[in-house]
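Report on the structure given below.
Number of protein chains: 2
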Amino acid sequence: MATDRIVSADSHVNPPRDLWLRDCPAQFKDRAPRVESGPMGDFWVTDQQITGAIGLDSSAGRKPEDFKPTGLTYKEMRPGAYDPKARLEDMDVDGVDAEVLYFGGPVTQQAADPALRTYVVQRYNDWMVELSKAAPTRLVGLAHIPLLDLDEAQRELRRVAKMGLRGFHLDPFPDERGGKPLWDSAYEPFWSLVEETGLPMSFHIVGPRKANVTETFANPTPGIKETFIAIAPISICETVSTLIFTGILARHPKLRFVLVECGIGWIPYFLERMDQTFNKHRFWTKSVITEKPSTYWYRQGYATFIQDLAGVAERHRAGLRNIMWSTDYPHSDSTWPKSREALANHFKDVPADERALITGGNAAALYGLS
Amino acid sequence: MATDRIVSADSHVNPPRDLWLRDCPAQFKDRAPRVESGPMGDFWVTDQQITGAIGLDSSAGRKPEDFKPTGLTYKEMRPGAYDPKARLEDMDVDGVDAEVLYFGGPVTQQAADPALRTYVVQRYNDWMVELSKAAPTRLVGLAHIPLLDLDEAQRELRRVAKMGLRGFHLDPFPDERGGKPLWDSAYEPFWSLVEETGLPMSFHIVGPRKANVTETFANPTPGIKETFIAIAPISICETVSTLIFTGILARHPKLRFVLVECGIGWIPYFLERMDQTFNKHRFWTKSVITEKPSTYWYRQGYATFIQDLAGVAERHRAGLRNIMWSTDYPHSDSTWPKSREALANHFKDVPADERALITGGNAAALYGLS
């Protein structure tokens, strides 16, 4: 174990509270994301709208008894969420050598005004470059690429590739937020560009299809919130299926994608289900793919998990080279600061070489961590 | 193997084409379900609306190359779909001793007119009684109970229980068809009645949440139909989660439910995910359940599968007494007439006693097949 490099393939940031206010162009001064404090805690506010609460996203190190969906402040947050030095210290505490960094704050909100959206996204992506430079072998900052305007998406993808970011994330359900569904042919030039950059594209858990987190969490019926949390990860199966069956992966064989924070234990079942669907239905549906669906998965797909004993038990079916462990620091599902225990628990019956792939080797290969 | 009784826990009927026309009360004469034939094949028509096509539902025995979503006729259908004698012969061909029978035709359509709906449902349920009487140890007809009007649902449930039917099925997403979501407290008297009857209630696959099969199948983009088919079964996870987290199973410990045609390979993962959700989030959500979610599953939940090697490999995590094999005859996913091969393939590494539970023992116990 001591010789394996431990990589968390899914961790998070919460940007510095003044990220979008420093040197803010005059035109965005009133609308740029800022943290506003009140009796209900701190909230991100963008263009007069609440675009995020400080709560579950800064849970790492708290006992579940103390989790809060809202009501925390930036001061109560671990500085590792935004400060690279503090982050590296928290990683050391947890025995984690490198982390792949996903969004926090309002960056994934889809501001309707293209100019404001571009400002929010570019400032965030620039900050990810800066963060990555603080420790290039340990911090792998990923860009966010919004999909509301596909020309804009291509421009920003070219820009972040040039700046050296090693991957990026996309909304798995852009059609719910004013974009086109992923199967639309309008994405073809974008998929070609993704291949050209060689960067892996990630689809991070956002929630169950067509379920709004704010509305759901406002429903006072006991159990509704837990249902949302329980079913959110598996809902990404639609994205995998779309990428495979609509021929995107077949047409773009160098495209690599990552399902993030969606677990792995359902994947063996789902590969089998997709293969059966292909075997039984490809004639009347006039399928455009030529290989069985699982072939595309094993060649181009990846998935991250935090705690998933069922998935690790079935790692060979899920794909030994397709699955990656993570800590989700500093979110509520995080194993921090007890990731060593989580690892010991998950890998006690797993051969060392297989463990090394899942806990670091696969992520290192995917993101070119030398 | 020869001594085990083989029970398909999920098979289907297609009702006789004149089921709703025989002795039809005058008031329903023009609106009762009938089969109309045209150049595009046979369709069920109810109240001037198409409510079902003859196609994938009568695929058993066809090669996948010959599957058609529409365009078949009643004449081309295997009579086993509606005739008990022919059915028993088809079961003998396949080595199946007993079958649990689910819907076909327009019975699960939710006619807006309560009188028409009641006529359609009662005539169907009466026919299920008749079919079951043709071979009580081999044909287990289940009732359909619509949920648009919960008083009507209770009346019909009482009626079918009195007639001796051994179970019934419910729409897993009634809120998509004008009913209330399953978590609504309006269902409480209904759940109490289900417990009182002792009958297991089934939720049969209907499609992914908020995806309409007719609209989806009309989308000409290649791969959309396969995506619908691939993701439909796993979408039932929302129903399990709702039954567990909103406290329905905790308040009604004698209530037993069955997930039908939804596969089992994702269940080990999902139980773990629900338990983690409970462990991490029960404090701030003020959970109303007291046991970990998997406890309710193992005590009250069942699931059927057709082909699911990943699920059988993880049968102990899914629950040896909670999973049931099926043929899905005569639908497109059916293994008929090669169910013996499917069984051999799935159970070659499974001890005989465990196999016996999954391929018949569990269903026999659930439906009281002596």
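If you're matching them up, the sequences are chains A and B in order.
If you use our numbering, the first sequence corresponds to residues 1 to 370, in order.
If you use our numbering, the second sequence corresponds to residues 1001 to 1370, in order.
Even for Gly, the Cβ is constructed at its ideal location relative to N, Cα and C.
Open item on the list: Does glutamine 1049 of chain B pass the burial test, meaning 16 or more other C-beta atoms within 10 Å, or should it be called exposed?
Closed with: exposed
- [ ] Using three-state DSSP, classify arginine 321 of chain A as helix, strand or coil.
- [x] coil
Open item on the list: If you follow the beta strand (DSSP E) that histidine 169 of chain A is in, where does it begin and where does it stop?
Closed with: 168-170
Task: Own chain partners of isoleucine 1006 of chain B with C-beta closer than 7 angstroms, once the 5 adjacent residues on each side are dropped - done: Gly1095, Val1096, Asp1097, Thr1359 and Gly1360
Task: Contact set for aspartate 1175 of chain B: own chain, Cβ-Cβ below 7 angstroms, skip 5 residues either direction - done: Pro1181
Task: Exposed unless 16 or more other CB atoms sit within 10 angstroms - verdict on lysine 286 of chain A - done: exposed
Open item on the list: Between the alpha carbons of leucine 142 of chain A and methionine 128 of chain A, how many angstroms are there, rounded?
Closed with: 7 angstroms
Open item on the list: My assumption, with CB atoms under 8 angstroms, is that glycine 247 of chain A sits in contact with valine 288 of chain A. Please give the rounded CB distance.
Closed with: 4 angstroms
Open item on the list: Measuring straight from C-alpha to C-alpha, what distance separates glutamine 27 of chain A and threonine 118 of chain A?
Closed with: 13 angstroms
Task: Residues near proline 1015 of chain B by beta carbon distance below 7 angstroms, same chain, minus five either side - done: Tyr1082, Gly1104, Gly1105, Tyr1124 and Trp1127
- [ ] Could you pull out every residue in the same chain whose Cβ sits closer than 6 angstroms to the Cβ of proline 1132 of chain B, ignoring the five residues on either side in sequence?
- [x] According to the sequence shown, residue 1132 of chain B is serine rather than proline. Leu1139 and Gly1141, listed in sequence order.
Task: Span of the beta strand (DSSP E), counted from its first residue to its last, around methionine 201 of chain A - done: 201-204
Task: Positions along the stretch 1279-1291 of chain B whose CB lies within less than 7 angstroms of some CB in chain A - done: Asn1279, Lys1280, His1281, Phe1283, Trp1284, Thr1285, Lys1286, Ser1287 and Val1288
Task: Contact list for leucine 1309 of chain B against chain A, beta-carbon separation under 7 angstroms - done: Glu272
Open item on the list: So that I know if they touch, is there some Cβ in chain B lying closer than 8 angstroms to that of arginine 321 of chain A?
Closed with: no
Task: Nearest-angstrom Cβ-Cβ length linking glycine 1179 of chain B and leucine 1199 of chain B, presumed shorter than 8 angstroms - done: That belief does not hold up - the Cβ atoms of glycine 1179 of chain B and leucine 1199 of chain B are roughly 20 angstroms apart, past 8 angstroms.
- [ ] Return helix, strand or coil for threonine 197 of chain A, following the three-state DSSP convention.
- [x] helix
- [ ] Could you check which residue in B:Lys1210, B:Arg1315, B:Asp1018 and B:Thr1197 has the C-alpha nearest to that of isoleucine 1267 of chain B?
- [x] B:Arg1315
Open item on the list: Quick check on the DSSP output: what are the complete alpha helix (DSSP H) runs of length 4 or more inside the stretch 283-363 of chain A, in order along the chain?
Closed with: 293-300, 309-313, 315-318, 339-347 and 352-356
Task: Beta-carbon contacts of phenylalanine 305 of chain A that lie in its chain and below 6 angstroms, excluding the five residues immediately before and after - done: Gly263, Ile264 and Gly311
Open item on the list: Pop quiz: serine 326 of chain A and serine 8 of chain A are said to be a contact at Cβ under 8 angstroms. What is the actual Cβ separation, rounded to whole angstroms?
Closed with: 5 angstroms
Task: Alpha-carbon to alpha-carbon, aspartate 1030 of chain B and glutamate 226 of chain A - done: 47 angstroms
- [ ] Kindly indicate if chain A contains any beta-carbon less than 8 angstroms away from that of alanine 1002 of chain B.
- [x] Residue placement at alanine 1002 of chain B cannot be trusted, given a pLDDT of 41 that sits under 50; the coordinates are not used to answer.
- [ ] Could you check the C-alpha separation between isoleucine 145 of chain A and isoleucine 1323 of chain B for me, to the nearest Å?
- [x] 43 angstroms
Open item on the list: Within a Cβ cutoff of 6 angstroms, which residues of the same chain sit near proline 1189 of chain B, ignoring the five residues on either side of it in sequence?
Closed with: none
Open item on the list: Only counting the same chain, and skipping five residues up and downstream in sequence, which positions put a Cβ closer than 8 angstroms to that of alanine 2 of chain A?
Closed with: Its pLDDT being 41, under 50, alanine 2 of chain A is placed unreliably by the model, and the measurement read from it follows with that caveat. Closer than 8 angstroms at Cβ, skipping near neighbours: no residue.
TODO: From the DSSP output, read off the bridge partner residues of tyrosine 102 of chain A.
DONE: A:His12
- [ ] Enumerate in chain order the residues of its own chain whose CB-to-CB distance from aspartate 1090 of chain B is below 6 angstroms, with the five nearest sequence positions on each side excluded.
- [x] Gly1080
- [ ] Run through the stretch 94-176 of chain A for me and flag every whole beta strand (DSSP E) of 3 or more residues, listed as ranges in chain order.
- [x] 98-102, 139-141 and 168-170
TODO: Going by DSSP, name the residue or residues bridged to valine 1213 of chain B.
DONE: DSSP lists no partner for valine 1213 of chain B.
TODO: Determine the chain B residues that contact cysteine 237 of chain A at a beta-carbon separation under 7 angstroms, and present them in chain order.
DONE: Ile1231 and Ile1234
- [ ] With DSSP collapsed to three states, give me the class of glutamine 1049 of chain B.
- [x] strand
Task: Start and end residues, alpha helix (DSSP H) containing phenylalanine 1228 of chain B - done: 1224-1231
TODO: Using a Cβ cut-off of 8 angstroms, pull out every chain A residue sitting near aspartate 1333 of chain B, in sequence order please.
DONE: Gln276 and Lys280
Open item on the list: I'd like to know whether the C-beta of glutamate 1176 of chain B is nearer than 8 angstroms to at least one C-beta of chain A.
Closed with: no
Open item on the list: Using CA atoms only, rank isn't needed, just tell me which of B:Ala1060, B:Asp1171 and B:Thr1070 is closest to alanine 1218 of chain B.
Closed with: B:Thr1070
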